[in-house]
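**Q**
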Amino acid sequence: MNKFLTTALIVGTFYSVSAQEKRLLSLEEAVKLGIENSKNLKIDQAKIEESTANLLEAKNRQLPELKVSGSYLYLPIKPNIDMKIAGVSGSGGPDVHQAMYGTVNLSMPIYSGGRIKYGIKSAEYLVEASKLSTENDKNAVAYNISQAYNNLFKASEVVKLLKENLVSSQKRDQSFIKLENNGVIAKNDRLKAQLQTSNIELQLMEAENNYNIANINMDLLLGLPDNTEIEVDSNYIAADDLGKPDDYYLNLARENRKDIQALDYQRKAAALGTKAAKAENLPSIAFTGGYVAADIPKLFTLTNAVNVGVGIQYNLSNIWKKNSSLMQSKAREQELSANNELLNDNVTLEVKRDYQNDLYAHKKIDVYQKTLEQAEENYRITLNKYNNGLETITNLLDADTAKITANVNVITSKADAALAHKKLLQTTGTINN
Numbered sequence: 157m158n159k160f161l162t163t164a165l166i167v168g169t170f171y172s173v174s175a176q177e178k179r180l181l182s183l184e185e186a187v188k189l190g191i192e193n194s195k196n197l198k199i200d201q202a203k204i205e206e207s208t209a210n211l212l213e214a215k216n217r218q219l220p221e222l223k224v225s226g227s228y229l230y231l232p233i234k235p236n237i238d239m240k241i242a243g244v245s246g247s248g249g250p251d252v253h254q255a256m257y258g259t260v261n262l263s264m265p266i267y268s269g270g271r272i273k274y275g276i277k278s279a280e281y282l283v284e285a286s287k288l289s290t291e292n293d294k295n296a297v298a299y300n301i302s303q304a305y306n307n308l309f310k311a312s313e314v315v316k317l318l319k320e321n322l323v324s325s326q327k328r329d330q331s332f333i334k335l336e337n338n339g340v341i342a343k344n345d346r347l348k349a350q351l352q353t354s355n356i357e358l359q360l361m362e363a364e365n366n367y368n369i370a371n372i373n374m375d376l377l378l379g380l381p382d383n384t385e386i387e388v389d390s391n392y393i394a395a396d397d398l399g400k401p402d403d404y405y406l407n408l409a410r411e412n413r414k415d416i417q418a419l420d421y422q423r424k425a426a427a428l429g430t431k432a433a434k435a436e437n438l439p440s441i442a443f444t445g446g447y448v449a450a451d452i453p454k455l456f457t458l459t460n461a462v463n464v465g466v467g468i469q470y471n472l473s474n475i476w477k478k479n480s481s482l483m484q485s486k487a488r489e490q491e492l493s494a495n496n497e498l499l500n501d502n503v504t505l506e507v508k509r510d511y512q513n514d515l516y517a518h519k520k521i522d523v524y525q526k527t528l529e530q531a532e533e534n535y536r537i538t539l540n541k542y543n544n545g546l547e548t549i550t551n552l553l554d555a556d557t558a559k560i561t562a563n564v565n566v567i568t569s570k571a572d573a574a575l576a577h578k579k580l581l582q583t584t585g586t587i588n589n
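Numbering-wise (the numbering used here), the sequence shown opens with residue 157 and increments by one.
(1) Taking C-alpha atoms, which residue in A209, K343, K287 lies nearest to Q201?
(2) Could you tell me which residues DSSP puts in a beta bridge with N292?
(3) Could you tell me the alpha carbon to alpha carbon distance between A573 and V340, rounded to whole angstroms?
(4) In whole angstroms, what separates the C-alpha of L552 from that of N338?
(5) Taking R488 as the reference, which of Y524, I266, K294, Q422 has the closest Cα?
(6) Among Y228, L197, D238, M264, which one has its Cα closest to the Cα of Q144?
(7) Kindly indicate which residue of S325, A432, D510 has the alpha-carbon position closest to the one of L482.
(8) Take G465 and list the residues in its own chain whose beta-carbon comes closer than 6 angstroms to its own, dropping the five residues that flank it on each side.
(9) Residues in its own chain within less than 7 angstroms of A349 by CB, not counting five upstream and five downstream?
(10) Residues in its own chain within less than 8 angstroms of I521 by CB, not counting five upstream and five downstream?
(11) Pull up the distance between the alpha-carbon of G585 and that of A186, whole angstroms please.
(12) Can the beta-carbon of I372 be found less than 9 angstroms from the beta-carbon of D382?
(13) Which residues share a DSSP beta bridge with L180?
(14) Quick one: what does DSSP say K478 is sitting in, helix, strand or coil?
(15) Measure the alpha-carbon distance for P235 versus Q254 and round it to whole angstroms.
(16) Quickly, what does DSSP pair P265 with across the bridge? List them, please.
(17) Does DSSP classify Y405 as helix, strand or coil?
(18) DSSP three-state call for I549: helix, strand or coil?
(19) Between the Cα of K294 and the Cα atoms of Y535, R413, Y267, D345, which residue gives the shortest distance?
(20) What would DSSP say about T251, mapped onto helix, strand or coil?
(21) Going by beta carbon distance, what residues of the same chain come within less than 6 angstroms of E177, once the five residues before and after it are set aside?
(22) Going by Cα to Cα distance, which pick from L360, L528, L282, E533 is closest to E320?
(23) Closer than 8 angstroms: is that where the CB of S569 sits relative to any heavy atom of the ligand SAH?
(24) Terminal residues of the continuous alpha helix (DSSP H) containing Q469?
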């Protein structure tokens, strides 16, 4: 009995662990979860922290430098000491074998030609640029998840539709078997109907395979265990407002695109870099202070040697050397200016292209809806004629296939239209709004 209970417990535990966990997720919940677990966004967060550290380093340059140093020297051989101090003469001197000294130096920058100030402001701009780049990447992540969710939704709906048609086709096969046994229809007609059922089964297997692949992809994107079965929200397909012209979305993109804003901050940082490079030709002035203490046993002791003053530093080689930093910074400004023009052109193209694709996707829904109505009416008429002996089984099955195809096209076109609108929102930088 104990062995039986233990075995039952192990088997039960195995099935409970291996069983798929089902989880209902709306698109908004999926996007939120995907952003929280995105590995790319974690890399972006590390870049923000790096930019913040660079800002802290730039701010540290305006703070005073305080350095302490000390040394102990051991002299294994007696040195020759010749004192030149007035009233003291002679060589040889005391027996000295060690010396100790220490210094404390303080330096407070007063003027550096603006290099410190420009460095701090430039670092602040780069921090903002890295944050905006992260927001832009969030938009990309949101669209990628929307695309994966759309694929999962389409696969799920196609599976449902094919299962319904498979049940109807199997019932028709049972009916045709009875009709064949009663001599009403030929065996060939019954085989044609069963072939249709087999084709639906193959389509269903393919659709289920696509669904499983799409489900695994969603699990990985959302950071969920790969055995989690995601149930999509049936209300995913919703009407989109496309009553506004493309210029409205273009203006929306220029106001909200984070990559445009990030590039603007990079250009500001580059302009400050040019000013800082020019300041390299200016002198640096700092307040200085220090304290020195020394002790050479049997010779002398020095204490309270405090000094204060002002130090100036100027690199005379700047007179004949070209300022390469200035040349590099100006080239960087030109590069960013060209990138800005190129980005604006690309934004215009992307918005107008995605707007047209959105319109096209919604127009396809109307066409497929009409096709479905025609296919359903054609199937109804063909079935009526077949029941009255006026139509062949081949035409009836063809009409049934056309109806299935039309249903699939309607579902997929609606899902694709929803995704096309998400793409337009991503292009305008408002997909997460």
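For every residue, glycine included, the Cβ atom is placed at its ideal position computed from N, Cα and C.
These numbers come from a predicted model, not from an experiment.
**A** With the structure as the only source:
(1) K287
(2) Bridge partners of N292: none, in fact.
(3) 47 angstroms
(4) 21 angstroms
(5) Q422
(6) Absent from the model: residue 144. The displayed extent of the chain is 157 to 589, so no value can be given.
(7) A432
(8) T444
(9) R328, D329, F332, I549, L553
(10) V566, S569, K570, A573
(11) 19 angstroms
(12) yes
(13) E387
(14) coil
(15) 10 angstroms
(16) A442
(17) helix
(18) helix
(19) R413
(20) According to the sequence displayed, residue 251 carries Asp and not Thr. D251: coil per DSSP, three-state reduction.
(21) T384
(22) L360
(23) The ligand SAH is absent from the structure shown, which contains no ligand whatsoever.
(24) Unbroken run through Q469 is the beta strand (DSSP E), 456-469; no alpha helix (DSSP H).
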